Amino acid sequence: MNISPSKLNMFLMFKLPAAYFTGIRTKSLDDTTCVVSVKHRWVNQNPFRSMFWAVQGMAAELTTGALVMKKIKESGKNISMLVASNDASFSKKATGRITFTCNEGSKIDDAIHKAIETGEGQTLWLNSKGINKDGIEVSTFNFQWTLKVKA
Numbered sequence: 511m512n513i514s515p516s517k518l519n520m521f522l523m524f525k526l527p528a529a530y531f532t533g534i535r536t537k538s539l540d541d542t543t544c545v546v547s548v549k550h551r552w553v554n555q556n557p558f559r560s561m562f563w564a565v566q567g568m569a570a571e572l573t574t575g576a577l578v579m580k581k582i583k584e585s586g587k588n589i590s591m592l593v594a595s596n597d598a599s600f601s602k603k604a605t606g607r608i609t610f611t612c613n614e615g616s617k618i619d620d621a622i623h624k625a626i627e628t629g630e631g632q633t634l635w636l637n638s639k640g641i642n643k644d645g646i647e648v649s650t651f652n653f654q655w656t657l658k659v660k661a
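For reference, each letter of the sequence shown is one residue, going 511 to 661 in the numbering used here.
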């Protein structure tokens with residue numbers, strides 16, 4: 511079974527309901543890029559009337575995690591994945607629709623190939639940027655993923 515945007519959105523509803531109910535939705539997923547969108551609404555806002563940082567973080571993490579899940583599935587191997595660390599920066603109030611994009615699928619390919627080849631765990635940093643409807647970056651997130659082939 512392939513991982514698709516509609517299957518990821520269904521996954522959110524049943525396994526990550528906080529992400530689903532705050533409006534996070536996967537828009538596209540291919541070999542190199544994942545795009546996730548979320549609209550600022552009452553349910554996901556902070557006291558300053560912009561999108562709560564944790565909602566942005568969930569959307570950003572989904573862009574990186576969905577790519578990792580897709581690549582692991584395509585490898586045919588049993589590989590564990592875990593976020594070991596992350597950092598974020600915020601440059602503008604997040605209002606309206608924010609679109610998060612990670613386009614680092616090739617980095618994941620390299621890490622999975624190396625993990626399979628060597629049998630050693632691998633770590634990699636993946637970036638996701640949040641852009642508003644005017645094309646202005648509102649936030650950027652970096653996630654350090656660990657990948658390890660299970661015995």
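Where a beta carbon is used, it is the ideal one built from N, C-alpha and C, also for glycine. Treat the numbers as computed from the prediction; the structure is a model and nothing was measured.
Close-in-space but distant-in-sequence residues of the same chain around residue i (CB under 7 Å, 5 per side omitted)
{"i": "residue 533", "result": "548, 549, 551 and 554"}
{"i": "residue 629", "result": "659"}
{"i": "residue 515", "result": "536, 537, 538 and 539"}
Nearest neighbour of residue i, chosen from the options [CA to CA]
{"i": "residue 543", "options": "590, 588 and 609", "result": "609"}
{"i": "residue 559", "options": "606, 649, 623 and 629", "result": "606"}
{"i": "residue 648", "options": "621, 661, 561 and 585", "result": "561"}
{"i": "residue 660", "options": "624, 590 and 597", "result": "590"}
{"i": "residue 528", "options": "565, 620, 613 and 517", "result": "565"}
{"i": "residue 572", "options": "616, 536 and 514", "result": "536"}
{"i": "residue 574", "options": "563, 617 and 644", "result": "617"}
Nearest-angstrom Cα separation, counted from residue j out to residue i
{"i": "residue 580", "j": "residue 600", "result": "28 Å"}
{"i": "residue 456", "j": "residue 582", "result": "Limits of the chain in this structure are 511 at one end and 661 at the other, which puts residue 456 out of reach."}
{"i": "residue 568", "j": "residue 540", "result": "20 Å"}
{"i": "residue 556", "j": "residue 627", "result": "46 Å"}
{"i": "residue 512", "j": "residue 654", "result": "24 Å"}
{"i": "residue 593", "j": "residue 646", "result": "27 Å"}
{"i": "residue 625", "j": "residue 634", "result": "11 Å"}
{"i": "residue 586", "j": "residue 622", "result": "11 Å"}
{"i": "residue 524", "j": "residue 530", "result": "9 Å"}
{"i": "residue 488", "j": "residue 578", "result": "In this structure the chain extends from 511 to 661, so residue 488 is not present and cannot be described."}
{"i": "residue 657", "j": "residue 520", "result": "24 Å"}
Beta-carbon proximity of residue i to residue j, cut-off 9 Å
{"i": "residue 546", "j": "residue 650", "result": "no"}
{"i": "residue 602", "j": "residue 652", "result": "no"}
{"i": "residue 596", "j": "residue 614", "result": "no"}
{"i": "residue 518", "j": "residue 576", "result": "yes"}
Residues that residue i bridges to, as DSSP identifies them
{"i": "residue 543", "result": "Residue 543 pairs with nothing; no bridge assigned."}
{"i": "residue 640", "result": "610 and 649"}
{"i": "residue 595", "result": "654"}
Contact set for residue i: own chain, Cβ-Cβ below 8 Å, skip 5 residues either direction
{"i": "residue 604", "result": "550, 560, 561, 566, 640, 642, 648 and 649"}
{"i": "residue 563", "result": "556, 598, 600 and 649"}
{"i": "residue 619", "result": "581"}
Residues near residue i in its chain [Cβ-Cβ closer than 6 Å; skip 5 each side]
{"i": "residue 522", "result": "529 and 530"}
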